[in-house]
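Residue numbers (our numbering): 2 to 218.
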């Protein structure tokens, strides 16, 4: 009986060995994601929560460390504002389009059976774009017909993953994106809200919360 039990355990281990090897040998992963983005700070004064989406590709140089590249979008819609006693209903919608490179760290052991926790940190560029030329033409006295500027940005995310199969994870991520704007550029936004400094603001922050899928190969 003991011999049969030992043979059964050995057979189970051998049957699972190829799948374990495939998962551990996978060096590349790709992870599309989508969800909600929350504007924080100055941006919260004129924008509502919106939609976040992105996709990243990672190369695992070590079992717990990967280098990665990401593209992401935070698309928000504007709030109507009362400014100087007048309803301002032509507040522009703001979108952020980000392109970053960074590092991903796995906090859980690579051979963890089901759950996975990783941290992403990265830096790159973000384009702050608006949809309303008319609003900015009015706000700037005809000097500015649109607002599309690109700035340095950084991002930090935490991902909580569940191994759906050897090569596929489902995950929930949350974090923050910081965009270092220039006050000389953003002063024009004060025309849309008395809560924004007339001298402009030096940063924009969003908090994306997303669901995604990671495929390894």
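A virtual CB, placed ideally from N, CA and C, is assigned to each residue, including glycine.
*Does DSSP put residue 164 in a helix, in a strand, or in coil?*
If DSSP states are grouped into helix, strand and coil, residue 164 belongs with the strands.
_Reference residue 100; option with closest CA among 125, 179 and 58_ = Taking only the C-alpha atoms, the option nearest residue 100 is 125.
*In terms of DSSP beta bridges, what is residue 77 paired with?*
Residue 77 is not bridged to any residue.
*Name the two residues that bound the continuous beta strand (DSSP E) containing residue 187.*
Not the beta strand (DSSP E): residue 187 falls in the alpha helix (DSSP H), residues 184-187.
*What span of residues does the beta strand (DSSP E) with residue 129 cover, start to end?*
Bounds of the beta strand (DSSP E) holding residue 129 are 116-131.
*Contact set for residue 50: own chain, Cβ-Cβ below 8 angstroms, skip 5 residues either direction*: 37, 38, 39, 40 and 77
*asked:* Which same chain residues end up closer than 6 angstroms to residue 158 when comparing Cβ atoms and leaving out the 5 residues on each side of it in sequence?
replied: Excluding residues within five positions, the ones whose Cβ falls inside 6 angstroms are 121, 174 and 176.
_Are the CB atoms of residue 27 and residue 148 within a distance shorter than 8 angstroms?_
no
*Just checking my contact of residue 213 with residue 172 at CB under 8 angstroms: how many whole Å lie between their CB atoms?*
5 angstroms
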